[in-house]
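In the numbering used here, the protein residues as written are 105 to 332. The C-beta atom is built at its ideal place from N, Cα and C for all residues, glycine as well. Heads up, the thing below is written out as structure tokens.
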Amino acid sequence: MDIRALHNLSYGLYIVSAKKEGHFNGQVANTVFQISSDPPTLAVSINKQNLTHEFIQAGKAFIVSVLAKEAPLSLIGQFGFKSGREVDKFAAVAFQLTPAGLPYVTEHTLAYLEAKVIQAVDAGTHTIFIGELTEAAVLAPGEPMTYAYYHQVKRGTTPKTAPTFVAVAEKPPVAGPSYQCSICNYVYDPAKGDPERGIAPGTPFTALADDWTCPICGAGKDAFEKVV
Ligand code: FE
């Protein structure tokens with residue numbers, strides 16, 4: 105069995121949020137999909153260890169913010185590499201509430217979909233929450249972020265499969281080695297720099313300011329290791 109076959113599945117990238125006792129939490133998820141249209145029904149697969157899992161179970165509802173392709177690493181990192189047990193993830197982002205009081209992100213978000221949970225399927229490490237659509241809106245035109253685009257373009261990782269992505273990964277002359285974050289696996293590629301924060305392509309890792317931090321998880325430079 106070649107489990108690399110799994111890398112050929114395609115996904116989007118979403119922020120799945122929920123409410124519990126007046127508190128909000130959300131997380132990045134790629135496993136969101138529509139399972140039927142009459143009535144419109146969605147499924148999300150959420151790790152049982154995540155706080156969002158607890159919130160969905162408590163509130164019996166979830167809301168999906170559909171991220172735009174242009175969504176910055178900092179927004180994804182805020183929901184993807186921090187725990188709601190330690191920080192209020194919504195404190196640092198623009199969001200609004202649906203009439204039912206569920207929070208959806210309004211920055212770099214194309215649409216939201218709110219659902220009430222009608223079934224929860226135990227899937228070992230994860231629970232698949234099935235929800236009937238209760239509210240939805242398109243917030244902005246644009247192209248949705250895909251999981252592949254996030255991994256291969258935004259995070260600057262080397263494609264493991266999919267030859268179609270080789271063209272995207274073509275790089276200008278390399279200005280020194282790449283460095284990888286030991287916390288979140290983000291790769292700083294000097295050929296790309298960190299354009300979201302004004303670091304020009306061609307800037308070597310060693311030339312970054314001492315207070316430069318990982319664009320995804322916020323770890324310091326000392327958390328990075330040279331990619332060999
Ligand atoms: Fe990181």
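Margin query: Using only the alpha-carbon positions, how far apart do residue 312 and residue 225 sit?
Written below: Cα-Cα distance, rounded: 47 Å.
Next item on the list: Specify the secondary structure class of residue 144 as computed by DSSP and reduced to three states.
Entry: In this structure, residue 144 counts as strand in the three-state DSSP scheme.
Next item on the list: Return the chain-ordered list of same chain residues with a C-beta closer than 8 Å to the C-beta of residue 317, the five sequence neighbours on each side being excluded.
Entry: Closer than 8 Å at the Cβ level, and outside the excluded window around residue 317, lie 323, 324 and 325.
Note to self: If you reduce the DSSP assignment to three classes, tell me which class residue 316 lands in.
What the structure shows: Three-state result, residue 316: coil.
Next item on the list: Helix, strand or coil for residue 274, going by three-state DSSP, please let me know.
Entry: In this prediction, residue 274 scores a pLDDT of 46, lower than 50, which makes its location untrustworthy; the coordinate-derived value is nonetheless stated afterwards. In this structure, residue 274 counts as coil in the three-state DSSP scheme.
Margin query: Please classify residue 159 as buried or exposed, where buried requires at least 16 neighbouring CB atoms within 10 angstroms.
Written below: With 16 or more other Cβ atoms within 10 Å, it is buried.
Item checked: Element boundaries [alpha helix (DSSP H), containing residue 183] -> First-last of the alpha helix (DSSP H) with residue 183: 177 to 184.
Notebook entry, point to check: Considering only the beta carbon of each residue, do residue 212 and residue 252 sit closer than 8 Å?
Noted result: Contact flag unset, no.
Item checked: Beta-ladder partner(s) of residue 233, from DSSP -> In the DSSP output, where bridge partners are listed per residue, residue 233 has 148 and 224.
Margin query: Let's see if you can read the secondary structure: which residues bound the beta strand (DSSP E) around residue 131?
Written below: Residue 131 -> beta strand (DSSP E) spans 127 to 133.
Note to self: Does residue 164 come out as helix, strand or coil in the three-state DSSP assignment?
What the structure shows: The answer is coil: DSSP assigns residue 164 none of H, G, I, E or B.
Item checked: Among 188, 247 and 153, the one whose alpha carbon lies nearest that of residue 215 -> Residue 247 is the option with its Cα nearest to residue 215.
Check: CA-CA distance, residue 175 and residue 153?
Finding: C-alpha of residue 175 to C-alpha of residue 153: approximately 26 Å in a straight line.
Notebook entry, point to check: Hey, how far is the Cα of residue 331 from the Cα of residue 285?
Noted result: Computed Cα separation, rounded: 10 Å.
Item checked: For residue 249, the nearest candidate out of 177, 109 and 116 (CA to CA) -> Minimum Cα distance to residue 249 is reached at 116.
Next item on the list: Specify the secondary structure class of residue 110 as computed by DSSP and reduced to three states.
Entry: Helix.
Margin query: Can you check which of these residues, 300, 167 and 130, is closest to residue 202 by C-alpha distance?
Written below: Comparing Cα positions, the closest option is 167.
Check: Taking Cβ positions, are residue 130 and residue 141 nearer each other than 8 Å?
Finding: Not closer than 8 Å, so no.
Item checked: Minimum C-alpha distance to residue 239 - residue among 231, 280 and 204 -> Ranking the options by Cα distance to residue 239, first place goes to 204.
Margin query: Let's see if you can read the secondary structure: which residues bound the beta strand (DSSP E) around residue 329?
Written below: Under the DSSP assignment, residue 329 falls in the beta strand (DSSP E) whose first and last residues are 328 to 330.
Notebook entry, point to check: DSSP three-state call for residue 241: helix, strand or coil?
Noted result: The answer is strand: DSSP assigns residue 241 an E or B state.
Notebook entry, point to check: With burial defined as no fewer than 16 other Cβ atoms inside 10 Å of the residue's Cβ, what is the status of residue 228: buried or exposed?
Noted result: Exposed, by the Cβ-count rule.
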